[in-house]
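Residue numbers (the numbering used here): 148 to 481. Idealized CB from N, CA, C, for every residue including glycine. Scroll down for the structure; my scribbles are underneath it.
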Amino acid sequence: MPGIGRVRIESKVQILMETKLAIETTGLVKVFGSTRAVDGLDLAVPLGGVYGVLGPNGAGKTTAIRMLATLLPLDGGSATVLGHDVATEADAVRSKVSLTGQFASLDEDLTGTENLLLLGRLFGYSRAAARSRSEQLLSAFGLEEVGKRQVKNYSGGMRRRLDIAASIIVTPEMIFLDEPTTGLDPRSRNQVWEIVRALVAGGTTVLLTTQYLDEADQLADRVAVIDHGKVIAEGTTGELKSSVGSGALHVRVADIDTRSAAAVLLREVLEVPITEEPDPAALSARIDDPTRVSRALPALNDAGIAVSTFALGQPSLDEVFLSLTGRPTEEHAS
Ligand SMILES: Nc1ncnc2c1ncn2[C@@H]1O[C@H](COP(=O)(O)OP(=O)(O)OP(=O)(O)O)[C@@H](O)[C@H]1O
Ligand SMILES: [Mg+2]
């Protein structure tokens, strides 16, 4: 019977469409007084993996996340999280999503262990189960030694890790991490990255906001760049970077008296403008053709100019942003 066959195909397509996206927003709006913090945001976040939301201070990242986590009402548009409408099915969203980051709160006067035990009990674990989950998380996050210390005496990195531990007492289907590594030293940043990878391996979908392209690069499968509450670019980090050339060359000369000569030489070899950095030994340049870079170091050597740093880095978020908007990110800070 052809009719039945068609119905079946249609319902299969529908199931696929419904299950593929972890988050879908259409024209999301949030207004604070005269500020349109989120201004027509369209997002399609696939299920599984890490989706990055990149943007400078004040872009609207936290506001968008708070709406998706049902902590703020929508002023316009619509959003579904794991198939549930955030406006009409808030309870269903809350039961599936965990939020941590800029607004997550731990009790400062309690120890790390006490915070986790309390949360475990709140989620309905027995005393014994709460204790065992708390021990498991403290150990997984490298916090066993400070479990008995009050949270107010934690370092930034320990705090951030405890924050994430607290939000995954019950393994969530989806977690929102709002700038989980801002202000952390490189080692703590790496630890948080490992945690995020472990979450993904366990099947959790992660929505991560960050101001750093390199962080998105390390973790995210796809990213949306947002500015003034709107998506201004979407794709893989590779696609974003290739939109601004290959990267940036950073050079430091061993003797600051040789910097001018090095700048002249590099301009000749690279055929791009050379920037003298505030550091009196440092020079930098935007690179479009990496093959020229390989000629620059021998040229400096031949001229007898010793360098202490010669590094080709990725474009920063600022450079991506500058290329997308024609303005540096600082101008967007509010
Ligand atoms: N409760 C509020 N009342 C008034 N204005 C707000 C409120 N929350 C956010 N804003 C404004 O909305 C805009 C977006 O802020 P939001 O915190 O979402 O940005 P963000 O991308 O998270 O920035 P950051 O990287 O600094 O965390 C900013 O202009 C901010 O000042
Ligand atoms: Mg924020």
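Minimum length 4: unbroken alpha helix (DSSP H) runs contained in the segment 320-386: Listed in chain order, the complete alpha helix (DSSP H) runs (minimum 4 residues) inside the segment 320-386 are 333-348, 360-366.
In terms of alpha-carbon separation, which member of L354, L469, T383, F457 lies closest to S245? L354
With a threshold of 7 Å (Cβ to nearest heavy atom), would N204 be considered close to ligand 1? yes
Given D364 as reference, the closest of G199, A169, G187 once Cα atoms are compared: G199
Could you tell me if T260 is buried or exposed, where buried requires 16 or more neighbouring beta carbons within 10 angstroms of its beta carbon? buried
Complete runs of the alpha helix (DSSP H) confined to the segment 194-245 [at least 4 residues]: Runs found: 208-215, 237-243.
Can you give the Cα-Cα distance for I212 and V440, rounded to whole angstroms? Using only the alpha carbons, I get a separation of about 41 Å.
Please report the residue range of the alpha helix (DSSP H) in which L417 lies. 406-417
Could you tell me whether any non-hydrogen atom of ligand 1 is closer than 7 Å to the CB of A184? yes
Which residue from E362, A409, L285, G350 puts its Cα closest to that of G330? When each option's Cα is compared against that of G330, the closest is E362.
Per DSSP, cross-strand counterpart(s) of G460: A395
Please go through the same chain and pick out, in chain order, the residues whose beta-carbon is closer than 8 Å to the beta-carbon of R268, but skip the five residues on each side of it. R274, A277
Per DSSP, the bridge partner or partners of F179: T182
How far does the beta strand (DSSP E) with A102 in it reach, from first residue to last? The chain is shown from 148 up to 481; residue 102 falls before or after that span and cannot be answered.
Counting only the same chain and skipping the five closest in sequence on each side, list residues whose C-beta sits under 7 Å from that of R442. V416
Please indicate yes or no: does the CB of T97 lie closer than 7 Å to some heavy atom of ligand 1? A question about residue 97 goes unanswered here, because the residues of the chain that appear run from 148 up to 481.
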